[in-house]
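Participant:
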Amino acid sequence: MPETEAHVLWQALQFEGLIWLITAALLAGFVRGFSGFGSALIFMPLAGQFLPPLWCVMTLVAMDIFGPVPNLPRAYRDGRPMMILWMILGMGLALPLGLLVLGQMDTLLFRYLVSGIALSAPLALIAGFRIRAAFLTPKVLFGVGVCGGFLGGISGMPGPPVIILHMASRLAPAIIRANTMIYLFLFDLSLLLSMALSGDLVALPVVIGLVLLVPSMLGNIAGGYIFNPEKETFYRWVAYIVTLAAAVGSLPLWD
């Protein structure tokens, strides 16, 4: 291994707060494995305590890019490709604008933002509003993708608009899990490509993310193993509780 690469890896392994980031990655991967979402909602508020905004996003992307891979074949079988396509088209349009805003954001504001998003998403889901499946038109899906792309760009959390829409639908739990998992995976790919093209990628947060890949993937495997569509309500509430706890516990006012 070249000396520079070894030095960056050593910096990553010695990074202050790494043990907490590992714990957050394991927990986030586990929840994503059985629910199809929750990875960024759980990880970002916790990571914001130790990393600056752009580094948080880079670390999340490097960690998430491979974490869901063990569950993707099943998600591909269960999902609805055309629904995912419309959301991805909208996301790709708005993502660069969100990243532009993120680059100018203060760390304290970022921490409040990600905690606020992580708090509001499960509360919106708990409210329990419902829509008909016929409402999920290409225009609606595209618009939700735009919202998710911008939100993902400024916070690293593209999921809430997509998750809330799917959870409000009457789609089967397996389809909801599959669509959100594939959408989030493709968002990670798009975000990585955007940051690489803009020259914003930094070695250290990427390597930290790759270190976190192992606990994230182990969590995904464990969560996917226990997933049972017949226990949809139980899994939802576990995801809600973990997300809310991570968001409240990470608010800057506790510093």
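The numbering of the sequence shown is my numbering, which starts it at 2 and goes up by one.
Ideal Cβ placement from N, Cα and C applies to all residues, glycine included.
Model, not experiment: these values are computed from the prediction.
1. Compute the Euclidean distance between the alpha carbons of LEU137 and PRO69, then round it to the nearest angstrom.
2. What does the alpha-carbon distance come out to for the pair ILE227 and PHE35?
3. Let me know the alpha helix (DSSP H) ranges lying completely inside the stretch 80-149, each 4 residues or longer, listed in chain order.
4. Looking only at its own chain, which residues have a Cβ that is under 8 Å from the Cβ of ARG75, when we skip the five neighbours before and after it?
5. Would you kindly report the start and end of the unbroken alpha helix (DSSP H) that includes GLN50?
6. What did DSSP end up calling ILE43 once you bin it into helix, strand or coil?
7. Evaluate ARG171 with the Cβ neighbour count: other Cβ atoms within 10 Å of its Cβ, from every protein chain shown; 16 or more gives buried, anything less gives exposed.
8. How is the alpha helix (DSSP H) around TRP238 delimited, first residue to last?
9. What residues in its chain sit with their C-beta under 8 Å from that of LEU73, if we drop five residues either side in the sequence?
10. Enumerate in chain order the residues of its own chain whose CB-to-CB distance from PHE130 is below 7 Å, with the five nearest sequence positions on each side excluded.
11. Put ASP201 into one of helix, strand or coil per three-state DSSP.
12. Exposed or buried, which one is PRO230 when buried takes at least 16 other CB atoms within 10 Å?
13. Straight-line CA distance for LEU202 to TRP87?
14. Tell me, please, whether the CB atom of LEU100 is closer than 8 Å to any CB atom in chain B?
15. Hey, PRO54 and LEU98: beta-carbon distance below 8 Å or not?
16. If distances are taken between C-alpha atoms only, which option among PRO174, GLY150, VAL62, VAL145 comes closest to ASP79?
17. Hey, would you say PRO206 sits closer than 8 Å to THR5, going by beta carbons?
18. Assuming LEU192 and GLY153 make a contact with CB atoms under 8 Å, what is their CB distance in whole Å?
19. Output the distance between the C-alpha atoms of PRO287 and ALA48, rounded to the nearest integer angstrom.
20. Leaving aside the five residues before and after LEU10 along the sequence, list all residues of the same chain whose C-beta is less than 7 Å from its C-beta, in chain order.
21. Sort PHE143, ALA125, MET45, LEU101 by Cα distance to ARG112 and report the nearest one.
22. Are the beta-carbon atoms belonging to VAL32 and ILE43 less than 8 Å from one another?
23. Roughly how many whole angstroms lie between the Cα atoms of TRP255 and VAL115?
24. Is it right to say SER121 is buried, meaning 16 or more other beta carbons lie within 10 angstroms of its own, or is it exposed?
25. Would DSSP call ALA25 helix, strand or coil?
26. What's the call for THR234, buried or exposed, on a 16-neighbour Cβ count within 10 Å?
Facilitator: On the basis of the supplied data:
1. The alpha-carbon atoms of LEU137 and PRO69 are separated by roughly 25 Å.
2. Each residue's alpha carbon lies about 7 Å from the other.
3. Qualifying alpha helix (DSSP H) stretches, in chain order: 82-103, 108-128.
4. Taken in chain order, the residues that qualify are ALA179, GLY225.
5. Counting along the chain, GLN50 falls outside any alpha helix (DSSP H), and DSSP gives it neither H nor E.
6. In the displayed model, ILE43 falls within a helix according to three-state DSSP.
7. Classification for ARG171: exposed.
8. Per DSSP, TRP238 is one residue of the alpha helix (DSSP H) stretching across 233-250.
9. Take LEU73, set aside five residues on each side of it, and the residues of its chain with a beta-carbon closer than 8 Å to its own are MET182, ILE183, PHE186, in chain order.
10. The residues are ALA169.
11. Coil, per DSSP.
12. PRO230 comes out exposed.
13. If you take the alpha carbons of LEU202 and TRP87, they lie about 28 Å apart.
14. Here there is only one protein chain, and chain B is not present.
15. No, they are not a contact pair.
16. Among PRO174, GLY150, VAL62, VAL145, the Cα nearest to that of ASP79 is on PRO174.
17. Cβ atoms of PRO206 and THR5: not closer than 8 Å.
18. That pair is a contact at about 7 Å.
19. Here the chain covers residues 2 to 256 and nothing more, so residue 287 does not appear.
20. Answer for LEU10: VAL208, listed in chain order.
21. The residue with the shortest Cα to Cα distance from ARG112 is MET45.
22. Annotated as proximal: VAL32 and ILE43, with beta-carbon spacing under 8 Å.
23. Near 15 Å, if we compare the C-alpha coordinates of VAL115 and TRP255.
24. Exposed is the call here.
25. Three-state result, ALA25: helix.
26. That one is exposed.
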